[in-house]
Amino acid sequence: MASSRQRVLGWLHPRPQARAWLLLAPGTLWLLVFFLIPILIMLVYSVMPRGIYGGVDPGFTLEHYRRFFDPLYLDILQRTFVWSAACTVICLGLGYPVAYVIARAGRWKSFLLFLVVLPFWTSFLVRTFAMIFLLRDTGLINNWLVKLGVDPIAMLYTPFAVMAGLVYGFLPFMILPIYASLEKLDFSLLEAAEVLGARPAERFRRVTLPLSMPGVVAGCLLVFIPALGSFLTSDLLGGAKEMMIGNLVQNQFSAARNWPFGSAASFIVMALVLAAVMLYLKVKDREQEEAA
Amino acid sequence: MVASPPPPSPSAPVVQLAHVTKTFGDVKAVNDISLDIQRGEFFSMLGPSGCGKTTTLRLLAGFEQPDEDGGEVRLMGEVVNRRRPYERKVAMVFQNYALFPHLSVERNVAFGLEQRKLPKPKVADQVRDALQMVRLKPDVFAHRMPSQLSGGQRQRVALARALVLEPAILLLDEPLGAIDLKLRKEMQLELKALNKQLGTTFVYVTHDQEEALTMSDRIAVMDNARVAQLGTPAEIYENPRTAFVAKFIGESNFLEGQARRSGEDWQLEWAYGGFARLPAHPSLRDGRTIRIAVRPECMDVWRPDEVPAGENALGGSIEDVIYLGETMHVLVRVPHTGTVTVAVRNEGQLIKPLPWKRGDQAAVAWLPEDCQILEDD
Amino acid sequence: MGSRLPRWLIGVTLAVYAFLHLPILVLVAFSFNDSKFSASWAGFTLDWYYRLLERPDIMRGLKASLIVGGVSTVVSAVLGTLVALALARHRFRGRTALEGFLYVPIVTPEIVVGISLLILFALAKIPLGLTTIIIAHVAFSLSFVVIVVLARLEGMDQNLEEAAMILGADEITTFWKVTVPQLWPGILSGALLAFTMSFDDFVITSFVSGSGSSTLPIVVYGMVRRNIEPSINAISTIILLVTTALIYLADRLTTEK
């Protein structure tokens with residue numbers, strides 16, 4: 001007597017595709033409906049004319065994308081790009097030495113790593129506020145400057161503040177992949193180089209750096225990509241003056257009430273991110289080919 | 293509901309594979325294999341990695357199914373091709389034990405009984421008995437966790453877990469692979485004893501030929517998804533049918549020549565001249581090139597002029613003498629043929645040393661009936 | 670070469686660590702400051718923490734965060750585990766496409782996720798509230814749960830499931846009695862990750878929450894905007910402690926077995 005359970009299992013057994021898709025269905029459906037489709041709708045919105053209340057009217061237009069050739073918006077695009085790039089470079093400069101030290105730290109490795117990972121997981125909002133607390137006109141740093149008899153510096157709502165906030169937020173993303181890649185390095189190679197007469201700078205340039213390149217590339221992309229889409233940092237630390245694309249998008253959905261334009265801006269961010277990801281995958285593929 | 297099939301007669305095979313084929317992608321892991329396993333037998337499948345022995349075992353267990361038209365797998369007379377593992381009355385011991393890490397030893401052993409909904413007190417009793425049968429004291433081991441056990445102990449628990457279900461057939465997938473040598477030899481004997489004591493049919497997979505020879509009633513030597521030879525340990529060792537079997541089991545010297553009829557008898561003509569006598573064999577045809585295998589222990593080394601009458605001989609020079617403890621290997625370089633290995637019993641090199649030195653002229657000799665005429669692989 | 674690291678290198682490292690941690694340490698320290706005008710230390714007090722309890726917006730926000738976190742975590746954990754099971758144990762067509770698709774939410778900027786969902790809800794006339802927040806949180810944490818559980822599954826001994834089946838347990842019994850107990854640390858770890866991400870999320874939540882349903886980060890954001898000091902420090906410290914504890918737990922779970 002086959003119970004219903006046995007019947008179901010019996011039906012499923014010779015159908016591996018059915019089994020797989022049965023398990024995949026709920027999760028995939030969720031992502032399809034609540035992730036993919038909204039983005040597609042957003043894409044469609046971005047090419048429709050603006051309606052009276054900020055929504056869309058039927059039709060097709062590329063005017064929202066054309067607006068990005070306007071100096072005002074080009075400025076924003078450029079700023080986003082430049083700041084993300086600058087942040088990446090600074091993170092690389094600060095992060096590589098730290099990753100190197102951790103990789104050579106022996107017993108302290110896991111502790112040092114934990115200290116790097118910890119901020120990475122705490123609330124971005126809280127960490128951004130911590131920055132504000134330090135940099136404000138009435139903040140900690142200025143407080144001490146005043147006590148020392150120096151005039152307070154306006155640090156908040158400047159590009160400096162935004163950059164500080166971006167680096168602060170993304171530094172762990174740079175340190176971890178570089179560390180992972182350095183960790184696999186055989187340090188006896190460096191000793192061999194030393195024996196052969198290479199000086200420290202040369203050893204670094206010719207041995208360490210090339211071998212850690214995969215980690216460097218990964219780290220750069222892990223910083224650059226989210227930096228492009230960042231919003232909170234420029235919002236809280238930069239104020240209305242220093243807009244990145246993220247802020248522009250947010251603005252269109254609140255004060256400016258221009259959903260299709262906001263969608264277009266949003267899609268541009270998405271496109272930049274996807275382009276960077278494709279680049280990363282291509283580089284990784286080529287690496288694997290070269291290794292083989 | 294179909295009427296249950298008639299119980300198998302006592303002499304019917306408990307396992308039957310009929311032209312079973314299993315393909316993964318483009319590769320045939322099991323290629324048209326047919327064999328029968330008798331009730332109570334200790335049956336081994338022996339071969340190198342990738343020969344298909346583990347896949348065959350998994351086909352018996354139900355973890356793999358034969359191809360669409362890939363033959364029949366029968367257990368106790370019934371075709372079980374599409375039956376799930378939990379619908380088959382077989383038990384299995386895995387190579388890495390597969391003990392449930394989150395359950396204690398006794399819960400592990402009880403698992404199968406609980407699936408059969410046996411009442412608790414009965415379960416407890418049978419678990420105790422099973423542990424005692426594999427020589428683990430229940431009081432000591434019942435509450436331990438698998439992580440607290442040594443490899444040998446884990447294997448015993450795995451065995452207890454399987455045997456407590458009193459299966460008709462026990463499948464064993466290289467169970468002694470991860471155990472050290474001395475313990476392995478002990479357990480080989482224990483397994484063989486259990487097989488005889490319980491009457492359970494054991495189907496054993498291994499790549500270790502010594503192990504198979506020690507424990508098995510019959511061995512299926514497998515190569516490249518097929519059965520190369522099926523027979524008792526004596527048959528496999530003393531009469532290997534193909535070069536593969538001769539190479540895989542023990543050591544052999546391989547010699548090649550042309551078969552020549554000489555009246556009632558057969559001779560082997562070497563390519564470079566000279567003859568050796570051959571025993572009769574159905575595959576012999578006049579003029580056909582054949583290969584023979586001669587085991588080192590069936591050969592002897594003589595001075596060229598002292599070879600006993602009636603024996604086949606090949607002349608050469610001593611290449612090396614290797615000390616192996618119980619035996620000595622004398623390596624003789626035979627022109628046009630290569631190095632022939634002769635195994636000689638060591639009667640004490642300090643008391644009665646072998647007279648051979650490198651470079652000495654010598655002849656290797658063997659009785660004509662001691663050679664194996666090999667079929668093509 | 671041993672451990673001879675040049676001094677400048679160690680110096681830079683120390684500076685970076687200071688940079689990473691001092692702001693937070695300062696933030697936490699000043700949450701105990703007995704002065705409304707932070708930045709100058711005036712004595713130790715727990716006043717600000719008590720005041721948090723008196724603030725209805727914080728209490729409501731906390732409650733909302735816990736509900737959203739709890740529900741979205743459970744949904745994420747279940748759906749994510751099922752997907753991970755499919756990926757680890759089954760071969761199927763469209764597998765690479767699916768894997769790619771699963772990883773896209775991870776790289777997608779929060780802004781994009783937030784507004785696209787806002788558009789969807791507006792179009793479908795779904796009122797914004799806790800439900801929409803929960804939906805959004807599941808959408809972005811699902812992929813992370815899959816990654817964590819998948820890692821655990823791939824390290825799992827597949828023989829265990831086979832052993833259970835040959836002992837008489839069918840697929841469903843095997844799943845509950847063998848797979849889940851083995852997988853449990855991974856699922857828990859993924860769940861903790863999902864909860865932390867949900868608890869901390871601001872950007873996405875800000876777009877899909879209506880005016881009446883603010884989670885804790887939204888309340889905190891409002892406080893930051895309006896400079897409500899130093900209660901912000903207090904609530905921030907609490908958020909930090911909670912998330913640190915959760916992440917530490919998740920980490921211990923994954924490195925245990």
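Residue numbers (the numbering used here), protein chains in the order written: chain R, 1 to 292; chain Z, 293 to 669; chain W, 670 to 926. Beta carbons: idealized from backbone N, C-alpha and C, even for Gly. All values reported here derive from a predicted model rather than from experimental measurement.
Residue from the options with nearest C-alpha to residue i
| i | options | result |
| --- | --- | --- |
| H573/Z | A520/Z, E661/Z, E639/Z, V613/Z | E661/Z |
| A793/W | S46/R, A192/R, V195/R, I41/R | I41/R |
| N400/Z | A454/Z, P413/Z, R408/Z | A454/Z |
| D716/W | E898/W, E830/W, V911/W, L910/W | E898/W |
| M514/Z | V365/Z, K477/Z, V307/Z, H499/Z | H499/Z |
| A838/W | A304/Z, P377/Z, E370/Z, Q664/Z | P377/Z |
| G783/W | G763/W, I804/W, G855/W, D920/W | I804/W |
| A903/W | E831/W, V849/W, I727/W | I727/W |
| R583/Z | E530/Z, E548/Z, S554/Z | E548/Z |
| C91/R | A192/R, D235/R, G169/R | G169/R |
| R625/Z | L483/Z, N545/Z, P413/Z | N545/Z |
| D75/R | V146/R, M244/R, A276/R | M244/R |
| P886/W | S880/W, I908/W, K705/W | I908/W |
| T633/Z | Q559/Z, L623/Z, V397/Z, G640/Z | L623/Z |
| L918/W | H13/R, Q6/R, L62/R, F114/R | F114/R |
Residue i at chain Z interface by Cβ criterion, 8 angstroms
| i | result |
| --- | --- |
| A820/W | no |
| V744/W | no |
| A832/W | yes |
| G763/W | no |
| G824/W | no |
Burial state of residue i, where buried means 16 or more other Cβ atoms lie within 10 Å
| i | result |
| --- | --- |
| I775/W | exposed |
| K314/Z | buried |
| P97/R | buried |
| M368/Z | buried |
| I679/W | exposed |
| T493/Z | buried |
| V497/Z | buried |
| S4/R | exposed |
C-beta neighbour in chain R for residue i, strict 8 angstroms
| i | result |
| --- | --- |
| L674/W | yes |
| T913/W | yes |
| S785/W | yes |
| F713/W | no |
| D869/W | yes |
| G749/W | yes |
| I916/W | yes |
Segment limits, beta strand (DSSP E) that includes residue i
| i | result |
| --- | --- |
| T777/W | Where T777/W is concerned, there is no enclosing beta strand (DSSP E), given that its DSSP letter is neither H nor E. |
| R510/Z | 510 to 515 |
| G523/Z | 518 to 523 |
| C663/Z | 663 to 666 |
Distance between beta carbons of residue j and residue i, contact taken as under 8 angstroms
| i | j | result |
| --- | --- | --- |
| A733/W | S883/W | 6 angstroms |
| T865/W | T923/W | Incorrect: roughly 14 angstroms between the Cβ atoms, too far for contact. |
| A180/R | G215/R | 6 angstroms |
| I528/Z | V537/Z | 7 angstroms |
Boundaries of the alpha helix (DSSP H) in which residue i is found, first to last residue
| i | result |
| --- | --- |
| S867/W | 849 to 869 |
| A833/W | 828 to 835 |
| E360/Z | Unbroken run through E360/Z: none, as it is neither H nor E. |
| E503/Z | 501 to 507 |
| S46/R | 37 to 46 |
Chain W within 8 angstroms of residue i, Cβ atoms only
| i | result |
| --- | --- |
| R19/R | yes |
| H394/Z | yes |
| L434/Z | Correcting the residue type first, residue 434/Z is Ala in the shown sequence and not Leu. By this cut-off, A434/Z is not an interface position. |
| V306/Z | no |
| M131/R | yes |
| N388/Z | yes |
| T61/R | no |
| A353/Z | yes |
| P97/R | yes |
| R5/R | yes |
Interface flag, residue i vs chain B, CB-CB below 8 angstroms
| i | result |
| --- | --- |
| R104/R | No chain B is part of this structure, whose protein chains are labelled R, Z and W. |
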